[in-house]
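For the sequence shown, UniProt numbering begins at 1 and goes up steadily by one.
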Amino acid sequence: MANYIVAHFDQIDPVKCPCGLARRAFALPENTTATMHIVDIQADSKAHYHKAHTEIYLVLEGAGHIELDGQMVPVRPFSTVLIKPHCRHRAVGQMRIVNVCIPPFDPADEHFD
1 MANYIVAHFD
11 QIDPVKCPCG
21 LARRAFALPE
31 NTTATMHIVD
41 IQADSKAHYH
51 KAHTEIYLVL
61 EGAGHIELDG
71 QMVPVRPFST
81 VLIKPHCRHR
91 AVGQMRIVNV
101 CIPPFDPADE
111 HFD
């Protein structure tokens with residue numbers, strides 16, 4: 001087995017997530033390191049948190065806010081946000097982001113109040 005994995009976001013189908021539509025790369029059983037997502041933020045994003053993983057957001061396009069434990073933090077292209085476990089968060093505004101999940105994203109680790 002190779003010591004690398006290649007993904008092409010244009011070949012990954014989007015799935016609904018609390019913040020909008022996500023294309024999730026490297027979501028493979030043999031990958032235990034991290035996943036990378038391209039997320040198109042939608043108006044109906046829902047606050048949620050994760051118990052086990054950290055997320056790093058990088059805003060690619062658009063502007064808005066990231067709600068972090070109730071505080072609205074303004075973001076714009078090239079803003080980055082590190083979201084630790086148990087931080088309630090959601091993205092607000094018309095944006096496209098990169099989201100890196102460490103360890104890899106697990107849908108069972110999405111929690112809502």
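Ideal Cβ positions, reconstructed from N, Cα and C, are used throughout, including at glycine.
Sequence-distant residues of the same chain with beta carbon closer than 8 Å to residue i, five excluded per side
i, result
"C87", "Y49, L68, D69"
"A34", "F26, V100, C101, I102, P103, P104"
"D106", "A52, H53"
Distance between residue j and residue i (C-alpha atoms, nearest Å)
i, j, result
"P74", "Y57", "13 Å"
"S79", "R90", "15 Å"
"H8", "L28", "14 Å"
"F112", "N3", "36 Å"
"A46", "G20", "Inspection of the sequence shows that residue 46 is occupied by Lys rather than by Ala. For K46 and G20, the distance between alpha carbons rounds to 9 Å."
Contact set for residue i: own chain, Cβ-Cβ below 7 Å, skip 5 residues either direction
i, result
"E110", "P18, H48, H50"
"G93", "I41, G62, A63, G64, H65"
"T32", "P103, P104"
"V59", "V75, R76, P77, F78, S79, M95, I97"
Status (buried if at least 16 other CB within 10 Å, exposed otherwise) for residue i
i, result
"E61", "exposed"
"E30", "exposed"
"I5", "exposed"
"V15", "exposed"
"A108", "exposed"
"M72", "exposed"
Three-state secondary structure (DSSP) of residue i
i, result
"P14", "coil"
"P107", "helix"
Nonlocal neighbours in the same chain, by C-beta distance under 6 Å from residue i, ignoring five residues either side
i, result
"R23", "F9, I12, P14, I38"
Could you tell me whether the segment 35-49 touches the segment 83-99, where touching means 3 or more Cβ pairs closer than 8 Å? Flag = yes, the segment 35-49 and the segment 83-99 touch.
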